[in-house]
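When we follow this note's numbering, the leftmost residue of the sequence shown carries the number 2, and every step to the right adds one.
In this text, a Cβ means the ideal position worked out from N, Cα and C, and glycines have one as well.
First the structure, in the form of structure tokens, and then the observations on it.
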Amino acid sequence: MWELFIVGEAVEYAQQVAQTAFEEVDRLERELSRFIPSSDIFRINALQPGESMRVGLATLECLQLAAEVHEQTNGAFDITVGAWLDQRRDEEGRIQLSGASALAAKPCLGMELLEIDPEEYSVGWRADGNKEGVSLDLGAVGKGYALDCIAAIMRDWQIQDALIHSGQSTVLALGTPDAEHAWIVALRDPRDGDQMLGQMYLHNRAMSGSGMVTHGQHIVDPRTGEAAQGKLSTWAIADSAAYSDALSTAFMVMAPEEVEQYCQHHESVVGLLLVGDPAQPSIMSFGELARLESTP
């Protein structure tokens, strides 16, 4: 579910902006979905080693960002892990991990096989790589990228103050809701979505959250093929919604010291980790945290 909150504009004007924004979301879905046969991602996945194709700007930018975060996090973020997980879903859609998962994971991950040529708008697979079982899935970055595109539309329409969110997992704040305050965004308790752990105050920034999925599903560390351990949820705050989207996923499998080091080297990024006893967890924060208010 996508929602836009626009402040200080006439209703008819705001509706026109919203319609343009949602049309852009539909266009991006047609370009980036791995399930639509005409999309760039579907067609890239169908390529054989040594083959390449020209892609649209959105595809190119998403793949460049994914490759960048993959390198920055030493492989903790990998857009090829989704295909490997699909192979391990049972009839009810739950992901089943066995003790041999770690040994089976690496051959089915392939960020290092992807070749991106930004000058030619070309993407393909290395000729000398084994692509078997490897495919791209932009689920962990695509929504954030779409929010960034909507924000660009807002600016084109001279909208200065707005809040945009996708599925309540990624939110982007433009300006402020009034002259004095930032946008207030809740940190939801993953154990009970109706409860708040705290709230963040955002101004011209984006925040994304990731968490453990119930009913046998897992967030998997692409570096090992094993289920993430030790965290109930993670949040990432960044200047770009696409980056916050990718980083919240990576932070789920990165050790706290890795998240701390990442935030030290990327000063615009804030990391929040919900860790500890599930009955009474605590929040670890890294980076220049502007304002976090915890809920008693």
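Assigned secondary structure, residue i (DSSP; H/G/I helix, E/B strand, else coil)
i    : result
M255 : coil
D240 : coil
F23  : helix
T171 : strand
I42  : helix
E4   : strand
V186 : strand
L86  : helix
S352 : No information on residue 352 is available, as it lies outside the stretch 2 to 297 that the chain covers here.
S1   : Since the first residue of the chain shown is 2 and the last is 297, residue 1 is not available in this structure.
G226 : coil
A67  : helix
A15  : helix
T177 : coil
Q200 : strand
H266 : helix
L29  : helix
Contacts around residue i, its chain only, beta-carbon distance under 8 Å, and the 5 residues preceding and following it disregarded
i    : result
L233 : P191, R192, G212, M213, L275, V276, P279 and P282
L29  : A59, G143, Y146, A147 and C150
T21  : I154 and W158
R31  : I37, S39 and S40
E10  : V18 and I160
L61  : I117, P119, Y122 and V124
C63  : L33, L139, V142, G143, Y146 and A243
Close beta carbons around residue i, own chain, < 7 Å, minus the five adjacent residues each side
i    : result
R44  : M54
S269 : A239 and D240
T81  : L110, G111, M112, V135, S136 and L137
L104 : In this prediction, L104 has a pLDDT of 45, which is less than 50 and means its spatial position is unreliable; nothing more can be read from the coordinates.
P50  : W126, R127, A128, G130 and K132
V246 : Residue identity check: residue 246 is Asp in the sequence provided, not Val. So the qualifying residues of the chain are A141, V142, K144, G145, T171 and S209.
A101 : With a pLDDT of 49 at A101, under the threshold of 50, the modelled position of this residue cannot be trusted, and the question is left open.
E4   : H166
Where residue i falls, given that 16 or more other Cβ within 10 Å makes a residue buried
i    : result
V12  : exposed
Y263 : buried
E289 : exposed
G76  : buried
H166 : buried
S249 : buried
M155 : buried
A256 : exposed
F252 : buried
M208 : buried
D118 : exposed
R90  : exposed
D79  : buried
D162 : buried
P297 : Because P297 carries a pLDDT of 49, less than 50, the predicted location of this residue cannot be relied on, and the following value inherits that uncertainty. Result: exposed.
Y244 : buried
Residue i Cβ short of 7 Å to the ligand ADP heavy atom set
i    : result
M201 : Among the components of this structure there are no ligands whatsoever, and the ligand ADP is therefore not found.
Same chain, Cβ closer than 6 Å to residue i, neighbours up to 5 away in sequence not counted
i    : result
L173 : L148, A152, I165, A207 and A242
Q196 : D190
T235 : S211, S249, F252, M253 and L274
F287 : V260, E261, C264 and G272
S34  : S40
Are the stretch 108-122 and the stretch 58-77 touching by the rule of at least three beta carbon pairs closer than 8 Å? yes
Residue ranges of each alpha helix (DSSP H) within the stretch 113-160, 4 or longer: 143-157
Does the stretch 200-209 come within contact of the stretch 221-232, defined as at least 3 CB pairs closer than 8 Å? no
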